[in-house]
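J.: Could you have a look at this structure, given as structure tokens, before my questions?
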Amino acid sequence: MNRKDQALAALVAVIWGFNFVVIDWGMGDVPPLLFLAARFAAVIVPAAFLLPKPPIPWRTIVLVGLFMSLGQFAFLYVAMDAGMPPGLAGLVLQAQVVLTILIAAVALRERPTGPQCLGVLLGVVGLVVVGFGRGGHVPLVALFLCLTAALMWAVGNVLSRASGATGGLSLTVWSALVVPVPLVALSVLIDGPDVLVTGAQAFGWQAALSTLYTAGLASLVGYGLFNSLLSRNPSAAVVPWILLVPPVAIGSAWALLDEVPSTGELIGGTLLVAGVMVAGRGSRGSTGSAVPGPPALVESTR
């Protein structure tokens, strides 16, 4: 990755880190899946009418949407509704870093460099330190849901990388087409037939502002940049930068929600930043050319 791409990756991490506080602040009494459906509806309209469909098969677009958007965020929003604090959610979700690099190494034959491996190792140690520093107050179900969200994100990362799509923003918008309708259907199934009425009544100005941030910045800007970075850099060079998300999430939750970090969180956050710096040094000098995946995977996404 060159310096410009590294700066863009850091910007994405800041936008996504603050996103957890915005979600928690805006969701309130709105059912989580319905709240998420509103976010992706805002992503689609009017962007889908302004951006051309990416030049990849519909099957690939649907798969990216099912994993990176629907799967990841459905599990994340439900996890937060089940008691996962915003700062800790930003941390646990970064298990996707390790999962992405492992899946890409097998499916795409992308071998991380030595410094990238060391950077990821430092990041994982930081995650463990922060996790132990949080204690046992988080419901086990919420933790499991958040880890499942991380797995969905990791699979979506690899699918995006394997697609070879060069228009990151276009892929973000068009893959979001598969999200709102299934979410509304799931919300009606889980929360009951009156959920549309109660959800609309609970959807106040805070929910509206939160939706504007999550749709405009976190989805359109954040995922547009992220998918573009994945299209021209190896996964192992891009993904470690997202380890910056937890320190931003923890810091913003501390400042705005009084979610005071423990000593373990502070030490772990420092290790996460160090891991990103080491991994970033290991990616300098990369040509950014795509590393082809095995024919079986590439063919399966068409």
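Just so we're aligned: the sequence shown equals residues -9 to 292 in the numbering used here. All C-beta atoms, glycine included, are put in the ideal place defined by N, C-alpha and C. The structure presented is a predicted model; accordingly, all values stated were derived computationally and were not measured.
Just list the beta strand (DSSP E) runs in the stretch 185 to 215, keeping only unbroken ones of 3 residues or longer that don't cross its boundaries, in chain order.
T.: As far as the stretch 185 to 215 is concerned, it has no whole beta strand (DSSP E) run of at least 3 residues.
J.: What residues in its chain sit with their C-beta under 7 Å from that of residue 131, if we drop five residues either side in the sequence?
T.: Listed in chain order, the non-local C-beta contacts of residue 131 below 7 Å within the same chain comprise 72, local neighbours out to five positions each way being set aside.
J.: Can you give me the start and stop residues for the alpha helix (DSSP H) that residue 138 sits inside?
T.: 130 to 153
J.: Whole angstroms are fine: how far does the CA of residue 215 sit from the CA of residue 103?
T.: The straight-line gap from Cα to Cα measures roughly 23 Å.
J.: Considering only residues of the same chain and omitting the five flanking positions on each side of residue 285, which have a CB-CB separation below 6 Å?
T.: A caution first: residue 285 carries a pLDDT of 28, below 50, which makes its placement in the model unreliable, though a value can still be read off. Leaving aside the five residues that flank residue 285 on each side, none in its chain has a CB nearer than 6 Å to its CB.
J.: Would residue 173 pass as a contact of residue 264 if the rule is Cβ separation under 8 Å?
T.: With respect to the 8 Å criterion, residue 173 and residue 264 are not classified as neighbours on the basis of their beta carbons.
J.: If distances are taken between C-alpha atoms only, which option among 118, 94, 17, 149 comes closest to residue 190?
T.: With distances taken between CA atoms, residue 190 lies nearest to 17 out of 118, 94, 17, 149.
J.: Taking contact to mean 3 or more Cβ pairs, one atom from each stretch, closer than 8 Å, check whether the stretch -3 to 10 and the stretch 146 to 155 are in contact.
T.: no
J.: Would you say residue 116 and residue 240 are within 8 Å of each other, going by their C-beta atoms?
T.: no
J.: Are the beta-carbon atoms belonging to residue 234 and residue 55 less than 8 Å from one another?
T.: No, they are not a contact pair.
J.: With distances taken Cα to Cα, identify the nearest neighbour of residue 64 among 222, 135, 76, -4.
T.: Among 222, 135, 76, -4, the Cα nearest to that of residue 64 is on 135.
J.: Measuring CB to CB, does residue 32 end up less than 8 Å from residue 205?
T.: yes
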